[in-house]
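Enquirer:
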Amino acid sequence: MRGFLLLAARILVSAALLYFAFRGINFAAIQSRLSQISVGWFLLAVLATVFQIFLGALRWREISARCSAPLGTGQALRYNMIGAFFNQTLPSTIGGDAMRLWLVRQTGAGWRSATYSVLVDRAIGLIALALIVVVSLPWSYDLIANARGRLALLLVDIGAISAGLGFLVLGMLPWPWLKTFWPLRHIHACSVIANQVIFNRSSGPKVAILSLLIHVMAVVIAWCAVRSIAAPAAFEQLFMLIPPIMLITMLPISIAGWGVREATMMVAFGYAGLAQTDGTVVSLLFGASSFVVGAIGGLVWVLSAEKSSEISHVAPEGE
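FYI, the numbering for the sequence shown is 1 to 319, going by UniProt numbering.
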């Protein structure tokens with residue numbers, strides 16, 4: 001019942017935010033934009049999404065090795081594609097992460113190692129995204145003239161960077177009780193691993209570059225969506241707008257980010273002096289590219305050995 005209520009709440013949040021995003025929108029303008037979609041640019045957005053997932057697989061491979069749950073490049077890519085499918089079918093991105101955790105567990109790694117690899121991967125991605133927003137803050141302030149927009153951007157970034165730095169500092173603290181008090185001991189262990197990954201001479205630069213490229217690819221996906229409808233938004237403007245939007249979209253309060261992304265992008269485009277209608281359409285195309293890639297991930301899941309193994313274990317019970 002609790003799980004059902006949580007799912008229902010997220011569906012309601014997604015619906016409410018989608019209503020907010022579309023409430024003041026001129027649907028004739030949206031229809032006009034959608035009728036002008038360039039299929040070629042949209043396909044480029046889909047390819048960019050796949051490449052982003054590939055970059056994520058490379059980063060996860062580096063992290064999982066530190067968690068005693070080593071993964072090959074092809075294996076990590078396959079698991080990430082399957083995770084992309086479950087991101088679209090289960091509440092928020094947590095569904096995809098839970099599936100990635102289960103898949104790593106099937107390789108023979110323990111539950112702890114599998115869980116740590118996914119959590120550390122998430123944490124490092126969040127920290128990298130927060131740092132990008134911090135570095136770009138002076139230019140973002142120039143782009144966003146609205147005082148409320150600037151304040152919202154500042155608060156979101158302060159929250160994200162504080163959480164990220166606090167997470168890393170936790171692993172540096174020498175207090176013994178951090179290793180025994182549940183659940184702090186698991187958060188502390190993840191923090192220790194994250195510090196080892198980030199500040200290691202071998203893995204640190206690789207993970208930093210991959211994390212930067214992953215978030216740049218989010219901007220590229222949005223830019224392809226912009227180009228597909230010939231909206232007047234430059235790549236530089238999107239580079240200032242998309243990272244904060246992605247930070248907010250990571251909140252696990254909706255279904256696959258739907259509603260949160262549309263409402264946030266609509267408001268962000270408006271604050272930047274761009275057409276809110278374009279922001280909504282770009283967000284829809286961004287989500288559509290993720291949906292298409294998720295569908296491909298679903299095919300990967302159906303054809304995977306893990307799916308076949310699951311069916312073979314369940315079949316005797318159903319007979």
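We put the beta carbon where it would ideally sit given N, CA and C, even for glycine. No experiment lies behind these values; they were computed from the predicted model shown.
For the 8 Å Cβ check, are there 3 or more pairs between the segment 46 to 54 and the segment 200 to 210?
Expert: no
Enquirer: How would you call residue 226, buried or exposed, if buried means at least 16 neighbouring beta carbons within 10 angstroms?
Expert: Stepping through the sequence shown from its first residue, residue 226 is reached at position 226. Buried, because 16 or more other Cβ atoms sit within 10 Å of the Cβ of residue 226.
Enquirer: Would you say residue 274 and residue 229 are within 9 Å of each other, going by their C-beta atoms?
Expert: Locating residue 274 in the sequence shown gives position 274, counting from the first residue. Locating residue 229 in the sequence shown gives position 229, counting from the first residue. No, Cβ-Cβ distance for residue 274 and residue 229 is not below 9 Å.
Enquirer: Among the residues of its own chain, which have a CB less than 6 Å from the CB of residue 239, if the five just before and after it don't count?
Expert: Walking along the sequence shown from the start, residue 239 turns up at place 239. Contacts found: 219.
Enquirer: Could you check if residue 180 is buried or exposed, using at least 16 other CB atoms within 10 Å of its CB as the buried criterion?
Expert: Within the sequence shown, residue 180 is the residue found at index 180, counting from 1. By the neighbour-count criterion, in which 16 or more other beta carbons inside 10 Å mark a residue as buried, residue 180 falls on the exposed side.
Enquirer: Please state whether the Cβ-Cβ distance between residue 83 and residue 55 is less than 9 Å.
Expert: Against the sequence shown, residue 83 aligns to sequence position 83. Against the sequence shown, residue 55 aligns to sequence position 55. With contacts defined as CB atoms closer than 9 Å, residue 83 and residue 55 fail to qualify as a contacting pair.
Enquirer: Is it a yes or a no for the segment 57 to 71 touching the segment 102 to 121, going by three-plus beta-carbon pairs under 8 Å?
Expert: yes
Enquirer: How would you call residue 314, buried or exposed, if buried means at least 16 neighbouring beta carbons within 10 angstroms?
Expert: Numbered from 1 along the sequence shown, position 314 holds the residue referred to as residue 314. Below a pLDDT of 50, predicted positions are generally treated as unreliable, and residue 314, at 46, falls in that range; no measurement from the model is reported.
Enquirer: Once DSSP output is grouped into helix, strand and coil, what is the label at residue 250?
Expert: By one-based count along the sequence shown, residue 250 stands at place 250. Residue state, collapsed to three classes: coil.
Enquirer: What are the boundary residues of the alpha helix (DSSP H) that residue 205 is part of?
Expert: For the purposes of this step, residue 205 is taken as residue 205 along the sequence shown, with counting starting at 1. Unbroken alpha helix (DSSP H) run through residue 205: 203 to 228.
Enquirer: Please determine, among 114, 140, 125, the residue with the shortest C-alpha to C-alpha distance to residue 210.
Expert: Counted from its first residue, the sequence shown places residue 210 at position 210. It is 125.
Enquirer: What alpha helix (DSSP H) runs, 4 residues minimum, are completely inside the segment 50 to 92?
Expert: 73 to 89
Enquirer: Where does residue 244 land, buried or exposed, given buried means 16+ other C-beta within 10 angstroms?
Expert: Position 244 of the sequence shown, counted from the start, is the residue given in the question as residue 244. The residue is buried, with at least 16 neighbouring Cβ atoms inside 10 Å.
Enquirer: If you scan the segment 86 to 153 from start to end, which runs of the alpha helix (DSSP H) of 4 or more residues do you find wholly inside it?
Expert: 94 to 106, 111 to 135, 137 to 143
Enquirer: In its own chain, which residues sit with a C-beta less than 7 Å from the C-beta of residue 111, not counting the 5 before and 5 after it?
Expert: For the purposes of this step, residue 111 is identified with residue 111 of the sequence shown, where counting begins at 1. So the qualifying residues of the chain are 105.
Enquirer: Within the continuous alpha helix (DSSP H) that includes residue 270, where are the two ends?
Expert: Position 270 of the sequence shown, counting from 1, holds the residue named residue 270. Taken as a continuous stretch (DSSP letters only), the alpha helix (DSSP H) holding residue 270 covers 260 to 271.
Enquirer: Please state whether the Cβ-Cβ distance between residue 120 and residue 193 is less than 9 Å.
Expert: On the sequence shown, residue 120 is found 120 positions in, with the first residue counted as 1. On the sequence shown, residue 193 is found 193 positions in, with the first residue counted as 1. Yes, the Cβ-Cβ distance between residue 120 and residue 193 is below 9 Å.
Enquirer: By alpha-carbon positions, which one of 290, 132, 63 ends up nearest to residue 320?
Expert: Because residue 320 is not part of the residues shown, which for the chain are 1 to 319, the question remains open.
Enquirer: According to DSSP, is residue 195 helix, strand or coil?
Expert: As a position in the sequence shown, residue 195 is number 195, starting the count at 1. DSSP places residue 195 in helix when its eight states are reduced to three.
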